[in-house]
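Peer 1: Take this structure first; my questions come after.
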Amino acid sequence: MNVWIEKQKYLIDFTLASLARRKAKNLGLLLVYSLIVFLLASVMLFTHALRQAANELLAGAPEVILQRMVAGRHDLIPPGYLERIGRLRGVQEKQGRLWGYYYDPVVKANYTFMVADDRLLAPGTLVVGAGLARTRGVAPGNLISFRAYSGKLFTFSIADILPAKSELVSADLVLLGEADFRAFFDIPPGHYTDITLRVANPLEVRNVAGKLAQQFPDSRPILREEILRTYESIFSWREGIVLALATLAVLAFAILAWEKASGLSADERREIGILKAIGWETGDVLRMKLWEGALLSLSAFLLGYLAAYVHVFHFAASLLAPVLKGWAVLYPRFELSPVIDGLQVTTLFFFTVFPYAAATLVPIWRVAITDPDAVMRG
Amino acid sequence: MPATRPSHLALCLLCCGGTLFVASFADATRLRQQRAGATHEMQALVRQLQLTDLCLFTEARYTRHPSQADLHSAFQEHPLALEHFPSGSLLLPPAILSSRHERLDREAEVPD
């Protein structure tokens, strides 16, 4: 056993010396390889943690939300709707929600105005999200003015700012009282944006939604299950930018592997020829090259993965933020709770380490079984 | 043979990398516990305000509340239109649009 270990150590010594002879090329290779792993791992860790966060946070969302559709568009719930729902079996609580969007031309950002039922908000006061407070530069006690869609100017006083830790769900929120909301958006009493229903038994949810769909043909019930599924499919590997990134990474990888598999440089061929001529066996040459591939791909995997972990969970995935931000002015600052999917990491490991190590072996084997004389002259 | 053979150094570095790799899982658990307070705070806010979406993309209404948007609002211009907002490329893929929504219309029997 000791002899075997010693032999492997000599092979590694030789491999490292051989790699050092082509320092620039191999360092470049390691850098590009690590970058590919870093990119893939960053997206993988970030999207998985985000999906988990959505699952955990939105588990408390209402079981059913009833929207009214007019000509295929979301419309206000008219008076009497809430009462017409009556006493559906299984529904614990039903409530009309009031919320809407407001474009603030001052900072060119979209806000979500929402009536907060549980909060005691005095008329003329607001509670705003930390993202909005940062973008508009406001603090509790400040006055803030918004021009309503009717053209009238409304001035509110900031009563409080929502905790900065909750920005992932509240960065753009403006919470206000019902009377203020109705006055600002000119919504008459009795109208609501949508209706939420709390259903205690999860088995009843679909029945309740089905009954609502029949009772109100102009409505669209949205289940919490659907909300969670929407977030499950966001950032799925099959989609949009993630797919583009994955495709690019796979292509870059294919080029790397192809470069290795399609042949060796004259230097490398001569090196193998000399090794064979001085008595190395084909197996030794293969083992030496296997170590070369393994050292390079393992180092690249570890470097890329560790950098991705630090980037996503200690630096809030700052390199991915511009992609997520899009054209939005208001972007939440949030720290994701790290959730690492072992299967995903294993998949990444197998897809990045093994193909490279395998791709290096084929051409080496082809050269190593040829006559040393022919290889050196070749 | 000197003590600092290149192979020793390389194996040492790989071992360090491996240890850091394992440590990343431990660090993830530590950070999760550390950030549990923020998670509970957000869960309470979601329940209290009956929120339905994460505030990730504020650039358009259907990206701010993707779960509440019309089914085809991301492609509302025409079916083959290129997505207008950048974050639209992160959500609502056409291939699984149909499978994401429950079929409720044919399941109800009689209204209450």
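Protein chains in written order, with the working numbering: chain E, 3 to 380; chain Y, 920 to 1031.
In this text, a Cβ means the ideal position worked out from N, Cα and C, and glycines have one as well.
(1) Using a Cβ cut-off of 7 Å, pull out every chain Y residue sitting near E:L31, in sequence order please.
(2) Are the beta-carbon atoms belonging to E:L175 and E:T232 less than 7 Å from one another?
(3) Measure how close the beta-carbons of Y:Q962 and E:G131 come, nearest whole angstrom, since I'm counting them as under 8 Å.
(4) If I'm right that E:L199 touches E:P64 with Cβ under 8 Å, what's the distance once you round it to whole angstroms?
(5) Shorter than 7 Å from the beta carbon of E:N28 to some beta carbon of chain Y?
(6) Could you list which residues in chain E have their beta carbon closer than 7 Å to that of Y:V941, in chain order?
(7) Between E:P223 and E:V39, how many whole angstroms is the CB-CB distance? I'm expecting something under 8 Å.
(8) I believe E:S339 touches Y:R951 by the beta-carbon criterion, under 8 Å. Please report the beta-carbon distance rounded to the nearest angstrom.
(9) With E:Y151 as the anchor, note down where its alpha helix (DSSP H) starts and where it stops.
(10) List the endpoints of the continuous beta strand (DSSP E) containing E:Y105.
(11) Which residues in the same chain as E:G143 place their Cβ atom closer than 8 Å to its Cβ, once the five residues preceding and following it in sequence are excluded?
(12) For a cutoff of 7 Å on Cβ pairs, would you count Y:T923 as touching chain E?
(13) Should E:V341 and E:A51 be called a contact, given that it needs their Cβ atoms to be closer than 7 Å?
(14) For the region 42 to 63 of chain E, which residues have a CB atom closer than 7 Å to at least one CB atom of chain Y, in sequence order?
(15) Answer with yes or no whether the minimum CB distance from E:V171 to chain Y is below 7 Å.
(16) Applying the criterion that 16 or more other CB atoms from any shown protein chain within 10 Å of the CB defines a buried residue, is E:I366 buried or exposed?
(17) List the DSSP bridge partners of E:L68.
(18) Decide yes or no for the touch test of the region 24 to 34 of chain E against the region 310 to 319 of chain E: beta carbon pairs closer than 8 Å, at least 3 of them.
(19) How would you label E:S320, buried or exposed, when you count the other beta carbons within 10 angstroms and need 16 or more for buried?
(20) Within 8 Å, do at least three Cβ pairs link the region 208 to 221 of chain E to the region 371 to 380 of chain E?
(21) Of all the options E:I197, E:L258, E:M378, which has the alpha carbon lying nearest to the alpha carbon of E:A268?
(22) Tell me which same chain residues have a C-beta within less than 7 Å of the C-beta of E:A360, skipping the five on either side of it?
(23) Show which residues of chain Y have a CB atom less than 9 Å away from the CB atom of E:K11.
(24) Between E:L59 and Y:V965, how many whole angstroms is the CB-CB distance? I'm expecting something under 8 Å.
(25) Secondary structure at E:A111, three-state DSSP: helix, strand or coil?
(26) Starting from E:H76, find everything on chain Y with Cβ-Cβ shorter than 7 Å and list it in chain order.
(27) Who are the near neighbours of E:R272 in its chain, counting only those whose CB is closer than 7 Å to its CB and skipping five residues on each side?
(28) In the DSSP output, which residue or residues are listed as bridge partners for E:R75?
Peer 2: According to the structure data:
(1) The contacting residues do not exist; E:L31 stays about 16 Å from chain Y at best.
(2) no
(3) That belief does not hold up - the Cβ atoms of Y:Q962 and E:G131 are roughly 16 Å apart, past 8 Å.
(4) 6 Å
(5) no
(6) Those within 7 Å of Y:V941 in chain E number zero; the least Cβ separation is about 11 Å.
(7) E:P223 to E:V39, Cβ: 44 Å. No contact.
(8) 5 Å
(9) Where E:Y151 is concerned, there is no enclosing alpha helix (DSSP H), given that its DSSP letter is neither H nor E.
(10) 101 to 106
(11) S159, I160
(12) no
(13) yes
(14) A56, E58, L59, L60, G62, A63
(15) yes
(16) buried
(17) E:I197, E:P223
(18) no
(19) exposed
(20) no
(21) E:M378
(22) none
(23) R924, S926, H927, L930
(24) 5 Å
(25) strand
(26) D989
(27) M378
(28) E:V72
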